[in-house]
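S.K.: Take 718 as the starting number for the sequence shown in this note's numbering and just add one per residue.
Each residue gets a CB set at the ideal place from its N, CA and C atoms; glycine is no exception.
Here the structure is a predicted model, which is why all the values come from computation and not from measurement.
Handing you a structure now.
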Amino acid sequence: MLTLQQIKEDPERIIARLAVKGFDGKQGVNDVIDFDDERRNLQFQSDTLAAQLKKKADSIGRLMKEGNKAEAEEAKKEVAEMKEKQKELSDRLAVTENSIRDILLGMPNVPCDMVPEGLTAADNVVEKTGGKMPELSSDALPHWDLARKYNLINFDLGVKITGPGFPVYIGKGAKLQRALIQFFLDRASDAGYLEIQPPYVVNEASGYGTGQLPDKEGQMYLINEDKLYMIPTAEVPVTNLYRDVIIPADQLPVKNCAYSACFRREAGSYGKDVRGLNRLHQFDKVEIVRIEKPENSYAALEEMKAHVQGLLEKLGLPWHILRLCGGDMSFTSAITFDFEVFSAAQKRWLEVSSVSNFETYQANRLKCRYRGEDKKTRLCHTLNGSALALPRIMAALLENNQTPEGIVIPECLRKYTGFDIID
């Protein structure tokens, strides 16, 4: 969440930048400032009363020694009254602090100055394009038909045992899925990321820590009896490893990667864009997570973008990078770049990765800090990216690499699959 310092230093800028996300922050910013003024006044009263209480309490012993019993008894009554007043101030202070926190939890991150204005995906900016567009025959099949033809993925069995959006991978389809996961993990390890195998369920504190709660509560699967959430991405458990942690400066940057299954309700998603692997409730993904000093985070963001681009180039897929406009960004992000690949049989671009810098927004929720050389603690910057999400990568690989002889496997995956073609 935003910090009090951010809001109080330049409230007008905060309001203006939140408007880029389509969020009216004027009332919230003004309320936070007012509540903070009240909080500081209450804290001053409480501190003053505490000093008076100590002085009065110390006087009781002295009066008793001097034989001034009546004065001592009167002092005791005053102490009791002061303690009641102190409790009242403490309760009011807690209410005020909770009010500030509730407002801050409901405010999205401020987009950085590089984020373009705009309300929808149509306003996103194509920053970079690469790869060669495939040339397919007129009878080329979409991936859901290819999956059926070569017995790679059975969507109907997934519906039978669970419901729509839970596909069953079979034979070479399952092996290709596993090959992609291992390839992505190996490339991340080569780039210096430490592999983590996280839990697939998290508690409420973890959801709040990375900003999925309360913003995306309706999109997460909840295990009601235990109040645990199925993870929508490995970002949640991996970043929460550093909740309430002070990291020594010489241990930064932190670079982690993790494979996990991901679970998303995708409530409200309908139509042709959800067919096949285009939108699932359960899917596999390799995530990269970084924790950086603030002055290094934007250089780290460029490194992460280059890493994802390198994966797509190795796979031979046509790609482009979008700089998301304010209205299309997530609640928690300060800036996001989406990578999309072209799915030739569907003739459309498919998102396969988002790479984001959250600056101090998540770190403030997590209380993830580092200790500088001056021994002071400061909030870190957190970043993450999909490297990569598998379903749409699989869709594009199947469609773009189809030939009359079968589906050709990219060279970089063959040592993992053990076969060169699906026929």
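Do Ala1112 and Lys1002 have their beta-carbon atoms positioned less than 7 Å apart in this structure?
M.R.: Inclusion of Lys1002 and Ala1112 in the CB contact set at 7 Å is not warranted, their separation being larger than that value.
S.K.: Going by the DSSP bridge assignment, what does Ala978 pair with across the sheet?
M.R.: Asp1001
S.K.: Which one of Lys889, Asn973, Gly742 has the shortest CA to CA distance from Ile1126?
M.R.: Lys889
S.K.: Can the beta-carbon of Arg818 be found less than 7 Å from the beta-carbon of Ile963?
M.R.: no
S.K.: Alpha carbon to alpha carbon, how far is Ala768 from Val953? Give it in angstroms, no decimals.
M.R.: Straight across, the Cα-Cα distance linking Val953 with Ala768 is about 44 Å.
S.K.: Kindly identify the DSSP beta-bridge partner or partners of Ser1073.
M.R.: Thr1053, Asn1101
S.K.: So, helix, strand or coil for Gly1123, using DSSP?
M.R.: strand
S.K.: In the DSSP assignment, find the unbroken beta strand (DSSP E) run with Met947 in it and report its ends.
M.R.: 945–947
S.K.: Could you have a look at Leu911 and say whether DSSP puts it in helix, strand or coil?
M.R.: strand
S.K.: Out of Leu1067, Asp856, Phe1054, Met1046, which one is the CA nearest neighbour of Val991?
M.R.: Of Leu1067, Asp856, Phe1054, Met1046, the residue nearest in Cα terms is Leu1067.
S.K.: On a Cα-Cα basis, can you pick out the residue from Leu969, Phe872, Gly778, Asp830 that is closest to Glu1090?
M.R.: Leu969
S.K.: If you count every other CB in all the chains shown that lies within 10 Å of the CB of Glu934, and 16 or more means buried, which is it?
M.R.: exposed
S.K.: Count the other CB atoms within 10 Å of the CB of Gly909; is the residue buried (16 or more) or exposed (fewer)?
M.R.: exposed
S.K.: Just verifying my parser: in three-state terms, what is the DSSP assignment at Pro1108?
M.R.: For Pro1108, the secondary structure class from DSSP, reduced to helix, strand or coil, is helix.
S.K.: Assess contact between the region 759–779 and the region 791–803, defined as three or more Cβ pairs (one per stretch) separated by less than 8 Å. Is contact present?
M.R.: yes
S.K.: DSSP state of Tyr867, grouped into three classes?
M.R.: coil
S.K.: Along the chain, where does the beta strand (DSSP E) containing Pro931 start, and where does it finish?
M.R.: Unbroken run through Pro931: none, as it is neither H nor E.
S.K.: Measure the CB-CB distance between Ser977 and Ala951 and report whether it falls below 7 Å.
M.R.: yes
S.K.: With distance defined between alpha-carbon atoms, name the residue in Ile1052, Met824, Gln894 nearest to Glu1076.
M.R.: Ile1052
S.K.: Looking only at its own chain, which residues have a Cβ that is under 8 Å from the Cβ of Lys743, when we skip the five neighbours before and after it?
M.R.: Ile732
S.K.: How long is the line joining the alpha carbons of Val749 and Gly875, rounded to whole angstroms?
M.R.: 48 Å
S.K.: Please report how far the alpha carbon of Pro884 lies from the alpha carbon of Leu836, in whole angstroms.
M.R.: Rounded to whole angstroms, Pro884 to Leu836 spans 33 Å at the Cα level.
S.K.: Entirely within the region 1002–1066 and at least 4 residues each: give me those alpha helix (DSSP H) ranges in chain order.
M.R.: 1014–1032
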